[in-house]
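A short write-up of the structure that comes next.
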Amino acid sequence: MSTPVLATKLYIPPPRPKVVLRPRLIERLNAGLSSGCKLTLISAPAGFGKTALVSEWVAGCERPVAWLSLDEGDSDSTRFLTYLIVALQTIMANIGAGVLGVLQAPQPPSIEANLTALLNEITTIPRAGNFILVLDDYHAIDAKSIDNALIFLIEHLPPQMHLVIATREDPHLPLARLRARDQLIELRAADLRFTSIEAAGFLNQVMGLSLSAENIAALETRTEGWIAGLQLAALSMQGHQDTTGFIKSFTGSHRFVLDYLLAEVLQRQSESVQFFLLRTSILDRICGSLCDAVLRDSAVAGQATLEYLERANLFIVPLDNERHWYRYHHLFGDLLRKRLGSSLAPEGNAELHIRASEWYENNGLAFEAFRHATAAKDVERATRLIEGERMPLHFPGAVNTILDWLNALPRQVLDARPALWWRSAALSLIVGITTGVQEKLQSAENGLQGAEPTDKTRNLIGRIATARATLALTRYETETILVQSKRALEYLDADNLSDRTSAYWTQSIAYFFQGERAAARDAVNNALTLAQASASNFALLLATSTLATLQEIENELARAAETYRRALQLAGNPPLAFASGAHLGLAHIFYEWNDLDAAQHHGENSLNLARQYDRVIDRFIISQVFLARLKLAQGDVDGAAAMLAQSEQSARQENFLLRLPEIATAQVPVLLRQGQVATAAQLALQYELPLSQVRVLIAQNDPSAALAVLEPFRQKMEAKGWADERLRAMVLQAIALYAHGEKDKAMQVLGDALALAEPGGLIRLFVDEGEPMRLMILDFRICIEKQSRGGDNKQVDYIEKLLSAFPQPESKIENRKSKILVEPLSARELEVLKLIAQGLSNREISERLFLALSTIKGHSRIIFDKLQVRNRTEAVARGRALGLL
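In numbering that gives the first Met the number 0, the protein residues as written are 0 to 884.
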């Protein structure tokens, strides 16, 4: 479900028909544009004509302009970025479409990640498409996250884009640094003040007064060129005979002057207009039908009154070309609301907000309806609205606003409405907050005690159980997850697809934790079915990622990779934080396929996304452990050790103790590479890691003890049907048997392992065992070549692909330089050598033989090794000398 967007926030205010031209300021704005500076800042107090100046400038500018008028509701970073992209789409239709997609999810990526994707798109726009982005009323933003995002945006601003900020107060940006780099053009109050000539033009030509030069100068001095003060003074003087006397009495600070002038202006309006102005001031944006709904007075026509106010220059700004939507000047609206509060009883004010809420709800804007319901302190109405299908609960801006309201409610109000306690807990989990959730859920259950057992109360019981299962998931409390997810499925309404999906998903994770993989797969398939029926992308992402993990551990690597890619498509670009798991899964698969560059790419993406959880969950530790394994594979033993030490420290500090065995499993091979066998043995024993214990025993040259551990472990894995653990045990068993002198049995076990690993294309499973495994595979190749004249081509290709992935030994056997080959070329190797002699490249050979490029490279390395040459030219010469060509 997409979030409704108020298009009026994107409307560029047109210059008024009667306007004071300000060429001196327009020239400075144009100079900033032509100089290539990044930012134009227009900063001055209210009423200095900032918006009017920019609208006049862009009206005569040749560049396309995107405009965004900001308000307090835009202080949420997701809402801000949503409107920013929609504004850009007014001049570039498809820009940021991918980012908009992921902003609808409960936990979208960080705003910097989203901005990175957006900026990358902008950089692809030809320089002929240079444009301007205007952020008007930036002072309405009160969020450090958005200030930081704006800093990021400015630091990385593409040359195609020029940013303009209009604000009442300086934003929290590194202005001094921008000045020093000549990247900033500034217009401030001293620049924006009307000069005497501009004040004369405004008062006499625009406002229709006939003031003398002396009176204009006096008024300009009294107002210090403050445009709003001049406008209000002019409105107040209309109808005054003694303008000179009025100007002489016109003194005081801006705030008191404005209070006085508003009173003067309002008192000169008819009662119906005053009635209209005060009561519609509760609205951020106004249109005729909305005003009619709020006023409910047939004597005051909303659209006609709006048009009158515009003609009378009564601080109303049109927001579209059709003159359908308007807003009051912010300062004017603030003071109208202040006056309304002092003249209308609270219950009267609340009634106006209820009417506005009803209009917004009837027009499909549930979130705006909710805001007015909360302003009216109508808990029942607000509760009903957040339960409705149109409320964008997938939108973090809405979630945070609702949470703030719920947290501000008195406890007695929440106790009387258990559903609100549950809603507060559930929304907290959506945004990654676990503190206080248990207490909220308990309060919800307490409120249900003694309640009549209706379908509604049963569904709420199920929802509470769903939330408890999700909370238990963050704590790895498997039994609690199973109990609560089962309870949820028992109580939830059959048509409550969203919560039922969540219950099946948490159930699948619990079964996975228990090692019940078949049950986990059944549960995740149920979740997938419901997620597809509910059309919830986020629910579908959860279930799809979990299915891919189950496929991965069953060594269905190709299917798992495709499923992970499908999950990433659901996560959008840039992806949601939850997509960390899909990236990590792909990292595992590419690592196993020995594509270490792709593995590193996905591993780093996984870690970056995991960090967005702000250490609420432990996924960042899992990603770090993988990257440490990758460092070890790349030969960076010390780097791997340091990263694992950091992971261990984080796990202990953050109380993620369940991750310590996984960290220890990765530490053991690092310690063995460092020669710290005793420390590795202690670690394997401490965390009861059978395969790690086997590695230590092999390193201690005790294959008998290693085999004693392996045999029962392998049988246990076979009984459970755990393909991945069984295969790891077989690989180590082959090594131990070989070291124990049982070569024939070792070859048999290795052959079985290769047969199981070949369909998935597993490579690092063998390569990570180092030189002993390479020598075993060489022996195995010789055995199968003797048995069947080179063996099955598919099997031979896989074996040669494995051998090509091993690091080549540093020393060469000198007697291989003789004209007699110690190891003959296989049929496939001879075929490759002949194609090399024909001058074909590796890629051309791969296409000719329908083999992967990496496979051809592996064949070439083995050919060079057997022929004892360094390059293709020497290989051809050696082959001819031996009569092979």
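Just so it is clear, CB atoms sit at the ideal spot from N, CA and C, and this is done for glycine as well. From a predicted model like this one, the values you see are computed outputs, not experimental measurements.
- It is roughly 32 angstroms from the alpha-carbon of Q645 to the alpha-carbon of E515.
- Per DSSP, reduced to three states, the secondary structure at F369 is helical.
- Closest in C-alpha terms to A581, from the list D596, Y590 and A559, comes A559.
- By the beta-carbon neighbour count (other beta carbons within 10 angstroms, threshold 16), D494 is exposed.
- Residues of the same chain with a CB within less than 6 angstroms of the CB of I124, apart from the 5 flanking positions on each side, are Q159 in chain order.
- Sixteen is the threshold: when 16 or more other Cβ atoms of the shown chains lie within 10 Å of the Cβ of T279, as they do, the residue is buried.
- With 16 or more other CB atoms across the displayed protein chains lying within 10 angstroms of its CB, G571 is buried.
- Check the Cα spacing between L696 and each of A677, S859 and Q673: the tightest is with A677.
- The beta carbons of I429 and E444 sit no closer together than 8 angstroms.
- Nearest in C-alpha terms to L282, of all of Q273, T304, Q88 and R370, is R370.
- Fully contained in the stretch 723-756 are the following alpha helix (DSSP H) runs of length 4 or more, in chain order: 742-756.
- Listed in chain order, the alpha helix (DSSP H) runs fully inside the stretch 119-169 are 143-154, counting runs of at least 4 residues.
- Judged by beta-carbon spacing, L459 lies beyond the 8 angstroms limit of L496, meaning their Cβ atoms are not closer than that value.
- Taking the Cα positions, T479 is about 13 angstroms away from Q437.
- Taking the CA atoms as reference points, L585 sits about 10 angstroms from L567.
- I588 is positioned such that its CB atom lies no closer than 8 angstroms to that of E561.
- Sixteen is the threshold: since fewer than 16 other Cβ atoms of the shown chains lie within 10 Å of the Cβ of Q685, the residue is exposed.
- A direct Cα-to-Cα measurement between L472 and P660 gives close to 19 angstroms.
- Taking C286 as reference, the option from L80, D319, F274 and K630 with the minimal CA-CA separation is D319.
- Note on the stretch 330-369: whole alpha helix (DSSP H) runs with a minimum of 4 residues are 345-361, in chain order.
- Between the alpha carbons of A542 and F619 lies a distance of about 20 angstroms.
- Excluding its 5 nearest sequence neighbours in each direction, T433 has C-beta neighbours in its own chain below 6 angstroms: T473, listed in chain order.
- Rounded to the nearest angstrom, the Cβ distance from L218 to I196 is 14 angstroms, too far for a contact under 8 angstroms.
- Of all alpha-carbon atoms in V398, L440 and S501, the one lying nearest the alpha-carbon of D414 is that of L440.
- The criterion of a C-beta distance shorter than 8 angstroms is satisfied by T854 and K800.
- The C-alpha of A381 is placed about 15 angstroms away from the C-alpha of P409.
- With a 10 Å radius around the Cβ and a threshold of 16 neighbouring Cβ atoms, D403 comes out exposed.
- The count of Cβ pairs closer than 8 angstroms, one atom from the stretch 174-181 and one from the stretch 192-212, stays below three, leaving the stretches out of contact.
- Closest in alpha carbon position to K143, among D73, L183 and L764, is D73.
- With 16 or more other CB atoms across the displayed protein chains lying within 10 angstroms of its CB, E828 is buried.
- The Cβ atoms of L802 and I861 lie closer than 8 angstroms to each other.
- The distance from the Cβ of I11 to that of V57 is about 6 angstroms, consistent with a contact at the 8 angstroms cut-off.
- Rounded to whole angstroms, the gap between the alpha carbons of A300 and D291 is 7 angstroms.
- Restricting attention to K715, A707 and A752, the CA atom closest to the CA of L726 is found in A752.
- Taking a C-beta distance under 8 angstroms as the contact criterion, G59 and I226 do not qualify as a contact pair.
- Distance between L629 and A756, taken at the CA atoms: about 20 angstroms.
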